[in-house]
Every structure is written in structure tokens, then in C-alpha cells.
Amino acid sequence: RGAELLGPETPAGARLQQTALFFQRLAADMDAGPVPAADGDRVLTVLAALVEAGGPRTTDTLAAALGWPEGRVAAAVATAVRHPELTDPLALREAAPGLWTAAARPGRLSPSQQTALTTDQADQADQAAQAAPTASRRA
């Protein structure tokens, strides 16, 4: 609520929002109990596979790509859903029934940060940065 009063785009509001998220995750973790390390590793592997894929994938497609039984992938997805704190700063999202993707966790970036990353100005800065090393190598 403090972040709402001050505005999440302000430094104080952003800190309050991060603190609230921390305590929400802590409470959820305490309610859900500990997660075995192997389960956490599987969650991170599935998340990495989704990031690498660049788009939504089914559990059977992920299983084939990882060389795992589909049940292991399904268990990792279920663990990620029950324990979203394991995937921070990303979040596992069900794009459609049975179709999973990875995205930035809501609330991780402030609204002004999200806007800055989705503007033409950010694209132009990226293009300039990519062109700069090429130009300096030619000189």
C-alpha cells in the first residue's frame, strides 16, 4: 500500500514495493515448506530451456529437448507454480493450457522501467550500441 501512496515509479515507492514482494515470497515459502535442491535445479533448467526457446513450449516438447521423461518436466513445472520464488526474477507463465513460457516477474520492474524498455528510444539505443563495435573495428 505504501508503494501505491508514493507511486511505484518513485525511489521510495519502488523500495516499498520490493520490500512487500520480499515478504510475500517469504510468507509463501514458509507456507509451502522447503523445496529439495534437486527440484529447484530442475525448475531452473526448465526455465532456462524456455528462455532459450524464445517462446511458449509444451511439457512434451521441453522433455524431448532436455532428454528428460515428460513426468520430470511436469513435476518441475508444478514445483515452479507452487514455489514462484524459485524462478525470481523470472516467472513461469501458462500462455495457453499446457503451453508454458518464461517472462519477467510482475513487479520486478517499475512501470517507468517497463515503459523505457518498450519505447522506440530503447530500440534506437540498442541499435546504436550494436553498430558501435562494428564501426570501431573497421577504423
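Under the working numbering, read the sequence shown as residues 20 to 158, first letter to last. Heads up, the beta-carbon is just placed ideally off N, CA and C, and yes, glycines get one too. Predicted model, so just to flag it, every value in this text is computed and none were measured.
- Residue pairing from DSSP places Arg112 in a beta bridge opposite Thr120.
- One Cα belongs to Ser129, the other to Glu28, and the distance between them is close to 6 Å.
- Under DSSP, the beta-bridge partners assigned to Thr77 are Leu118.
- A distance below 7 Å between beta-carbons, with the five flanking residues on each side excluded, links Ala93 to the following residues of its chain, in chain order: Thr78.
- A residue is called buried when at least 16 other Cβ atoms come within 10 angstroms of its Cβ; Thr134 does not meet this threshold and is exposed.
- Separation of Pro116 and Leu25 (C-alpha to C-alpha, rounded to the nearest whole angstrom) is 38 Å.
- Of the candidates Ala95, Glu113 and Asp58, Glu113 places its Cα closest to the Cα of Arg76.
- In the three-state scheme derived from DSSP, where H, G and I count as helix and E and B as strand, Asp107 is classed as coil.
- Here Leu128 carries a coil assignment [DSSP, helix/strand/coil].
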